[in-house]
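Notes follow once the structure below has been shown.
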Amino acid sequence: MVDNEEFLQAIEKIKDSVDTLLKGFFDFKKELCKKKVDLSKQFSLINFPSKGLYYPNKKKSLLIKYLTANEEYVLCDSMLMESGLGIELVLDNLIMEDFNIKDLLLVDFQAILMFLRSTAFSDKVDITPKCPHCGKEDKNEFRLSQMKFKEPKDQPNEFGKYVIFLPEIEMEVIISPLTLGKELEKIKNESDEDYFIIKDDEGIDTKIKKEKSLSLVYNIDSINGITDKEQIKKIIRKLPKKHSDTVFNFIKRNEMSVRMSVSLVLPRQFSPLTRLWLQYFSQLLPLISVL
């Protein structure tokens with residue numbers, strides 16, 4: 113015989129179970145609606161070069177729409193692009209999934225830009241390499257879809273982070289790859305202290321960015337639990353060179369980006385040495401930067 117209290121408890125458990133099932137059903141329905149796409153618009157699936165290792169949800173790809181005249185209008189607005197807002201507006205409009213573009217790793221951002229450039233204009237890029245010996249130029253080409261990406265040498269932990277411990281100074285450094293948000297923050301917060309001055313050939317003062325220092329600051333998430341970037345800058349400036357080199361070399365070792373070289377089919381009159389030299393290609397980023 114079940115008393116009233118036990119009966120009511122049983123009913124409450126059943127109600128809780130039903131509520132849980134209904135919540136799961138509506139969450140599932142919501143996800144389906146969210147992923148519903150307009151098949152009249154051209155789009156494709158972009159696989160991340162990072163393979164999703166550094167994202168909390170381990171996301172490996174995104175659905176991306178093709179560029180239209182609307183996005184090109186924004187991309188041609190110099191004020192929007194210089195502020196960084198232009199690329200945010202464009203990607204927000206082109207990414208078909210719920211994804212904060214500032215969380216995009218720079219290497220995945222590069223892959224998206226290459227896809228957009230390739231599909232909007234042409235996958236083929238024409239170049240005119242010049243022989244360093246005879247000065248002869250020759251027209252050539254390569255395809256963006258054939259570009260390769262550098263892969264990290266080490267595996268991150270389950271949270272997509274690297275942890276380095278420097279025992280001599282008892283310092284724990286947590287590192288993660290640069291995201292688009294970090295890059296925009298770096299540009300916004302640059303100061304004169306991040307530069308040193310040299311004289312150019314005409315004796316004019318020229319600012320040279322301390323790439324090593326900035327790379328350390330924005331790749332480092334924390335030092336002994338300190339996350340404030342200004343505090344991290346101060347620590348890095350006082351760090352012995354041996355230790356800063358250790359951290360910097362680790363970052364470079366696991367840096368992911370598009371490889372800045374392509375193989376070209378060159379005329380026979382070029383020597384083997386010249387052929388090898390011309391394989392180095394440094395015009396890719398300026399071409400992609402039009403996006």
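Count the sequence shown with my numbering and you get residues 113 to 403, in order.
A virtual CB, placed ideally from N, CA and C, is assigned to each residue, including glycine.
> By Cβ distance, which residues of its chain are closer than 8 Å to LEU192, with the 5 residues on each side in sequence left out?
Replying inline: For this step, residue 192 is matched to residue 80 along the sequence shown. Hits under 8 Å: VAL186, GLY198 and LEU201.
>> In this structure, how does DSSP classify CYS145 when only helix, strand and coil are distinguished?
In response: Numbered from 1 along the sequence shown, position 33 holds the residue referred to as residue 145. Bear in mind that a pLDDT of 49 at CYS145, under 50, signals an unreliable position, so the number given afterwards is only what the model happens to contain. Looking at CYS145 - three-state DSSP - the assignment turns out to be helix.
> For the stretch 287-333, which segments carrying the beta strand (DSSP E) assignment without a break, of at least 3 residues, lie completely within its bounds, in sequence order?
Replying inline: 307-311 and 317-321
> Taking the continuous beta strand (DSSP E) assigned at VAL275, which residues delimit it?
Replying inline: Residue mapping note: residue 275 aligns to position 163 of the sequence shown, counting from 1. Its beta strand (DSSP E) spans residues 274-278.
> Under a three-way DSSP split, which group does GLU184 fall into?
Replying inline: Within the sequence shown, the letter at position 72 stands for residue 184. Helix at GLU184.
> GLU143 to LYS298, Cα distance in whole Å?
Replying inline: For the purposes of this step, residue 143 is taken as the residue at position 31 of the sequence shown. For the purposes of this step, residue 298 is taken as the residue at position 186 of the sequence shown. Confidence at GLU143 is low in this model, with a pLDDT of 47, below 50, so its placement is unreliable and the value that follows should be read with caution. C-alpha separation (whole angstroms): 35 Å.
>> Can you look up LYS346 in the DSSP assignment and give me helix, strand or coil?
In response: As a first step, residue 346 must be located in the sequence shown, where it is residue number 234. Three-state result, LYS346: helix.
>> Helix, strand or coil for LEU378? Go by DSSP, reduced to three states.
In response: For the purposes of this step, residue 378 is identified with residue 266 of the sequence shown, where counting begins at 1. Unreliable positioning characterises LEU378 in this predicted model, as indicated by a pLDDT of 48, which lies under 50. The coordinate reading is nonetheless provided below. If DSSP states are grouped into helix, strand and coil, LEU378 belongs with coil.
>> Closest to LEU292 by C-alpha separation, out of ILE213, ASN252, ASP204 and ASP235, would be which residue?
In response: The sequence position of residue 292 within the sequence shown is 180, counting from 1. With distances taken between Cα atoms, LEU292 lies closest to ILE213.
> Quick one: complete beta strand (DSSP E) runs, 3+ long, within the stretch 185-244?
Replying inline: 236-239
> Is it right to say GLN267 is buried, meaning 16 or more other beta carbons lie within 10 angstroms of its own, or is it exposed?
Replying inline: Working through the sequence shown from its first residue, we reach residue 267 at position 155. Under this definition GLN267 is an exposed residue.
> Mind checking ALA181: buried by the 16 CB within 10 Å criterion, or exposed?
Replying inline: Along the sequence shown, read from residue 1 onward, the residue named residue 181 stands at position 69. Label assigned to ALA181: exposed.
> For the beta strand (DSSP E) that SER173 lies in, which residues bound it at each end?
Replying inline: On the sequence shown, position 61 is the one that residue 173 refers to. Looking at the DSSP string, the run of the beta strand (DSSP E) that includes SER173 is 173-177.
> Between the C-alpha atoms of SER234 and PHE254, what's the straight-line distance to the nearest angstrom?
Replying inline: Against the sequence shown, residue 234 aligns to sequence position 122. Against the sequence shown, residue 254 aligns to sequence position 142. SER234 and PHE254: Cα-Cα distance of roughly 11 Å.
> Per DSSP, SER156 forms a beta bridge with which residues?
Replying inline: By 1-based counting over the sequence shown, the position of residue 156 is 44. Beta-bridge pairing links SER156 to ILE176.
> By Cβ distance below 8 Å, which residues in the same chain neighbour ASN269 in space, the five residues on each side in sequence not counted?
Replying inline: Stepping through the sequence shown from its first residue, residue 269 is reached at position 157. Around ASN269: VAL275.
> What do you get for ASP340, buried or exposed, if any count of 16 or more other CB atoms within 10 angstroms of its CB means buried?
Replying inline: Taking the sequence shown and counting its residues from 1, the one referred to as residue 340 is at position 228. ASP340 should be labelled exposed.
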